[in-house]
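Input: a single structure, listed below in C-alpha cells.
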Amino acid sequence: MGSARSSRYTFAAGAEAARRLGARGVCVEIDPRRIAEARANARREDVEGKIRFIEENLLETNLRDATVVMVFLSLDLNRKLQPKLLKELKPGARVVSHRHRMGDWEPQKTVYARGPYRDHELFLWTVAKQD
Ligand SMILES: C[S@@+](CC[C@H](N)C(=O)[O-])C[C@H]1O[C@@H](n2cnc3c(N)ncnc32)[C@H](O)[C@@H]1O
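As C-alpha cells, this is what we get:
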C-alpha cells in the first residue's frame with residue numbers, strides 16, 4: 551500500500567482526496583452500500599485505480615502505513631479511534647476530521663469551509679513522537 555507521495559486512509563469519505571491531490575487511498579467503510587457509493591464516485595472521478603476499498607470496522611484496520619487519515623465519523627467513534635491513531639501512526643502522520651474533534655486531543659488547526667449546502671468545520675492534528 552502507499553505511493554511515493556502519500557498513503558491516504560479515508561474512513562467513510564469519498565474519492566475527492568485522490569482526485570485532487572493525486573494520492574493513493576484506502577477507503578474503509580463498514581456499510582457495503584456506502585462502499586458501493588464510494589466506488590461509483592471514484593469511477594466517476596477516474597480515480598478508482600488509486601483507491602483500495604475495504605469493508606470492515608475501522609477500529610480493526612491496520613493503520614501503520616498511513617501518512618494521512620481523513621475521517622467523517624461520530625464524536626463517539628472519533629473518541630474510540632484516537633488512541634489507535636496515536637498507537638499506530640508514525641510521527642508526522644496527519645489526521646483530519648470533518649465536523650468532530652477527537653476527545654481532548656487539541657487540534658493544531660481548525661478550518662471553516664463554505665460548501666454548496668452548508669458550512670464545514672475541519673480539524674487537523676499531526677502525530678507527535680510518542681515517549
Ligand atoms: C457521517 S457518515 C459519512 C458519510 C460519507 N461517507 C461522507 O463522507 O460524506 C459516517 C460513515 O461512517 C460509517 N461507519 C460508522 N461506523 C463505522 C466503523 N466502525 N467502521 C467503518 N465505518 C463506519 C458509516 O457507515 C457512515 O457511512
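Numbered as in this note's numbering, the sequence shown ends at 681 without a single skipped number.
Backbone N, C-alpha and C fix where the C-beta goes; we use that ideal spot for every residue, glycine too.
All figures in this text were calculated on a predicted structure; none of them were measured in a lab.
Is the closest heavy atom of ligand 1 to the C-beta of M612 under 7 angstroms? Translated into positions along the sequence shown, residue 612 becomes position 62. Checking the displayed sequence, the identity of residue 612 turns out to be Asn instead of Met. Checking every heavy atom of ligand 1 against the Cβ of N612, none is found closer than 7 angstroms.
What does the alpha-carbon distance come out to for the pair M551 and I604?
As a position in the sequence shown, residue 551 is number 1, starting the count at 1. As a position in the sequence shown, residue 604 is number 54, starting the count at 1. With a pLDDT of only 34 at M551, under 50, the local geometry of the prediction cannot be trusted, and the value read off the model is given with reservation. So the alpha carbons of these two residues sit roughly 13 angstroms apart.
>> Measuring only the C-alpha atoms, how far is F673 from E579?
In response: Working through the sequence shown from its first residue, we reach residue 673 at position 123. Working through the sequence shown from its first residue, we reach residue 579 at position 29. Those two C-alpha atoms are separated by around 20 angstroms.
Candidates D654, A586, H650, R602: which alpha carbon is nearest A616's?
-> Here residue 616 refers to the residue found at position 66 of the sequence shown. Of the listed residues, the one whose Cα sits closest to A616 is R602.
| said: Any contact between the region 610-624 and the region 639-659? By contact I mean 3 or more CB pairs, one from each, below 8 angstroms. | reply: yes
Practice prompt. Determine the burial state of V576: buried for a count of at least 16 other Cβ atoms within 10 Å of its Cβ, exposed for fewer.
Written response: Position 26 of the sequence shown, counted from the first residue, corresponds to residue 576. By the 10 Å Cβ count, V576 comes out buried.
On the CB-based measure, 16 or more other CB atoms within 10 Å of its CB, does R574 come out buried or exposed? In the sequence shown, the residue the question calls residue 574 occupies position 24. Flag for R574 reads buried.
Subject >> Helix, strand or coil at K659 according to DSSP, with G and I counted as helix >> reply: Locating residue 659 in the sequence shown gives position 109, where the first residue counts as 1. Strand at K659.
### Query
With respect to 7 angstroms, is the separation between the Cβ of N628 and the closest non-hydrogen atom of ligand 1 below this value?
By 1-based counting over the sequence shown, the position of residue 628 is 78. Not so, every heavy atom of ligand 1 lies at least 7 angstroms from the Cβ.
Q. Across which residues does DSSP place V677 in a beta bridge pair?
A. One-based indexing of the sequence shown puts residue 677 at position 127. Paired residues: none, contrary to the question.
**Message:** Using the three-state DSSP reduction, which class does G665 fall into: helix, strand or coil?
**Reply:** Along the sequence shown, one-based indexing puts residue 665 at 115. If DSSP states are grouped into helix, strand and coil, G665 belongs with coil.
Element boundaries [beta strand (DSSP E), containing P605]:
Counted from its first residue, the sequence shown places residue 605 at position 55. Contrary to the premise, residue 605 reads as Glu rather than Pro in this sequence. Per DSSP, E605 belongs to the beta strand (DSSP E) from 601-605.
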